[in-house]
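Here the structure comes first, spelled out in structure tokens, and everything after it is commentary.
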Ligand code: FE
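Structure representation (structure tokens):
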């Protein structure tokens, strides 16, 4: 577990900070429509940070073309940066991915990714913000 201080905010504070789409995805576990987010096709180098708390979550070097319509990564920047939770919504087992620091919903991780991990972290663009490498 990370020893970083957790970020706790009220629903009012989250709504003030986030756009309606960001709030829906990050705080209500929503999903943006495929091929509509800002980053699904982005090849810009940089670090993807949590939209809720700014924590660095994914490096563009682990991003790959999955064809699924959402930004896809083989691994998080640091294993402890994300928390993986069993999700059995609609009787379908998936593994939800959240920000360890602020609890924002990021997306899901599936076991159908490429090497080196064989994992596909399928992340909503609305849950992250790219800090481009200068
Ligand atoms: Fe966060």
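In our numbering, the protein residues as written are 143 to 276.
Using N, Cα and C, we set each Cβ at its ideal position, and we do this for glycine too.
Between ligand 1 and residue 246, a heavy atom-to-CB distance of less than 6 Å is present. In the three-state reduction of the DSSP assignment, residue 226 falls in the strand class, which pools E and B. Under the DSSP assignment, residue 247 falls in the beta strand (DSSP E) whose first and last residues are 247 to 252. Distances between the C-beta of residue 241 and the heavy atoms of ligand 1 include at least one below 6 Å. Taken atom to atom, the span from the alpha-carbon of residue 275 to that of residue 189 is near 7 Å.
Less than 7 Å divides the Cβ of residue 237 from the Cβ of residue 251.
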